[in-house]
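Residue numbers (this note's numbering): 253 to 508.
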Ligand code: FPP
């Protein structure tokens with residue numbers, strides 16, 4: 253009887269009711285997403301891979317809007333990895349236009365919704381037109397105080413960690429820090445995420461159960477949630493599923 257009622261309730265509950273219910277509980281402060289499966293989504297429809305990336309961009313908007321509405325503090329999206337340069341040139345070029353395409357349309361909405369745009373990644377290889385678009389968005393939203401929308405663009409965790417170690421070694425040599433002061437907290441200050449809390453929840457779409465060089469240090473105690481759904485098919489209900497699952501978990505951080 254109880255199960256029947258529950259099934260009925262979950263079927264009849266509207267998205268806005270579900271959002272309200274989710275908001276009443278512990279909403280993850282920092283959510284990180286590996287948005288995977290764009291290529292397979294396109295292939296299933298006999299479309300070029302870039303069609304999948306374009307569709308994926310629309311999902312970024314939906315999920316950003318919802319995360320903001322839920323009161324998420326930081327949403328980090330893996331948009332391009334340091335390994336993605338291995339893809340065909342045309343695809344890489346297209347991926348590098350996505351931030352512009354996205355921001356051209358949605359920047360006014362982000363400004364209005366009080367969202368702060370940020371970027372983390374190795375800036376050197378990113379084309380100037382992409383950096384300009386992201387730089388403008390960062391600038392236009394820098395007075396905002398709401399959710400941080402952090403694009404991981406040309407980001408790779410191993411390189412981030414190696415660069416941190418190099419700087420630490422230098423700072424130790426120059427007497428800026430003392431070897432004995434080095435702990436989790438100080439190390440975190442040398443990472444690109446130094447201004448953010450570690451993610452509470454990591455979502456990966458498309459059925460791949462791996463981390464692909466994403467925030468390896470930061471996710472030590474993050475709750476992981478995987479779905480077979482391809483990123484362009486991801487939606488608000490699935491995002492809420494992930495958060496609801498997170499809310500049911502008991503986080504002990506190594507304690508009892
Ligand atoms: C992985 O799917 C996806 C990417 C490498 C790009 C992700 C980018 C977006 C979702 C759009 C980003 C939008 C903005 C606003 C920057 P894949 O190509 O590896 O898919 P596959 O594994 O099925 O081939």
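Glycine is no exception: its CB is placed at the ideal position from the N, C-alpha and C atoms.
All values derive from a computational prediction rather than experimental measurement.
- Within the segment 276 to 350, the complete beta strand (DSSP E) segments at least 3 residues long are 282 to 286, 326 to 333, listed from N- to C-terminus.
- By the C-beta density criterion, residue 282 is buried, having at least 16 other C-beta atoms within 10 angstroms.
- In summary, residue 276 is exposed, with fewer than 16 beta-carbon neighbours lying within 10 Å of its beta-carbon over all protein chains present.
- Nearest to residue 466 by C-alpha distance, out of 372, 354, 309, is 372.
- By the CB criterion at 8 Å, residue 454 and residue 476 fall inside the cutoff.
- In the three-state DSSP reduction, residue 483 falls in the helix class (H, G or I).
- Distances from the CB of residue 458 to the heavy atoms of the ligand FPP include at least one below 7 Å.
- In this chain, the alpha helix (DSSP H) harbouring residue 491 covers 488 to 500.
- One residue after another in chain order, those with a Cβ under 5 Å from a heavy atom of the ligand FPP are 287, 288, 289, 290, 291, 292, 308, 309, 312, 331, 350, 351, 354.
- Beyond the five residues adjoining it in sequence on each side, residue 364 comes within less than 7 Å, by CB distance, of no other residue in the same chain.
- Approximately 6 Å separates the beta-carbon atoms of residue 334 and residue 411; this is inside 8 Å, confirming the contact.
- Note: residue 407 is bridge-paired with 333 in the DSSP secondary-structure output.
- Between residue 497 and the set 279, 272, 464, the nearest pair of CA atoms involves 279.
- In this structure, the beta-carbon distance from residue 289 to residue 483 falls below 8 Å.
- Distance from the Cα of residue 311 is smallest, within the candidate group 500, 382, 481, for 481.
- DSSP places residue 369 in the strand class (E or B) of the three-state scheme.
- Taken through DSSP and simplified to helix, strand or coil, residue 454 comes out as strand.
- Taken through DSSP and simplified to helix, strand or coil, residue 476 comes out as strand.
- Under the criterion of beta carbons closer than 8 Å, residue 402 and residue 378 do not qualify as touching, at roughly 15 Å.
- Secondary structure at residue 359: helix, using DSSP grouped into helix, strand and coil.
- Taking C-beta separations shorter than 6 Å and ignoring five residues to either side along the sequence, the partners of residue 389 in its chain run 355, 359, 369, following chain order.
- With fewer than three CB-CB distances shorter than 8 Å, the segment 420 to 430 does not count as touching the segment 448 to 464.
- Residue 338 and residue 450 have their C-alpha atoms spaced approximately 29 Å apart.
- Sequence-distant partners of residue 351 (beyond 5 residues in either direction) whose C-beta falls short of 6 Å from its own C-beta, in its chain, are 382, 385, 386.
- With respect to the C-alpha of residue 448, the residue from 298, 473, 376, 325 having the closest C-alpha is 325.
- If the five residues before and after residue 274 are omitted, its C-beta is found closer than 6 Å to the C-beta atoms of 492, 495, all from its own chain and listed in chain order.
- Distances from the CA of residue 397 to each of 367, 298, 433 were compared; the closest alpha carbon is that of 367.
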